[in-house]
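J.:
Residue numbers (full-length UniProt numbering): 1 to 158.
1) Taking C-alpha atoms, which residue in 124, 100, 105 lies nearest to residue 17?
2) Thinking C-alpha only, which one of 12, 14, 90, 29 is nearest residue 162?
3) Taking only three categories from DSSP, how would you classify residue 94?
4) Closest by CA to residue 66, which one among 2, 131, 137?
5) How big is the Cα-Cα spacing for residue 152 and residue 31?
6) Suppose contacts are defined by Cβ-Cβ distances below 7 Å. Is residue 148 in contact with residue 130 by that definition?
7) Since residue 141 and residue 109 are thought to touch, with beta carbons under 8 Å apart, how far apart are those beta carbons, to the nearest angstrom?
Laid out in structure tokens, this is it:
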């Protein structure tokens, strides 16, 4: 099984990334969906895209990652329409041949399946909105089977 740790919107509380690296030492990949607010070179294990608050260092606007037989599209999604965000992301995933989308910006955790595309928003592990708890996501891939779940983390040890 390949496990992927997904976060977004840490907004400078990046010691969280160290905690997650320690907690999930055997993870296949670590994905940050933007708003790191730091230089990504300090986090070599993380695949990081630019968020609307990322001004330090060089970031990719989006990423496409192949994991086994699956393709993951990673974006912050701040350039997507608020009302049609998931529809726009579904269209981009189809265009890029991806069956999983990891996105952030909303600070609201959510996992849905949209016309066969797994949509994963880990929320924010530091500044959640809409009454949600601080959170991140885990994606488990085993062959053709994919499962994503939100992990709520009320207290961080720092």
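Even glycine gets a Cβ: it sits at the ideal position worked out from N, Cα and C.
T.: On the basis of the coordinates in this document:
1) Here residue 17 refers to the residue found at position 17 of the chain shown. Residue 124 is the option with its Cα nearest to residue 17.
2) As displayed, the chain neither begins before 1 nor continues past 158, which places residue 162 out of reach and without an answer.
3) As a working note, residue 94 is residue 94 in the chain shown. Reduced to three states, the DSSP call for residue 94 is helix.
4) Residue mapping note: residue 66 aligns to position 66 of the chain shown, counting from 1. Selected option, being the one with the closest Cα: 2.
5) Numbered from its first residue, the chain shown carries residue 152 at position 152. Numbered from its first residue, the chain shown carries residue 31 at position 31. Using only the alpha carbons, I get a separation of about 17 Å.
6) Along the chain shown, read from residue 1 onward, the residue named residue 148 stands at position 148. Along the chain shown, read from residue 1 onward, the residue named residue 130 stands at position 130. No, Cβ-Cβ distance for residue 148 and residue 130 is not below 7 Å.
7) Residue numbering aside, residue 141 sits at position 141 when the chain shown is read from its first letter. Residue numbering aside, residue 109 sits at position 109 when the chain shown is read from its first letter. Contact flag wrong, Cβ pair sits at about 20 Å.
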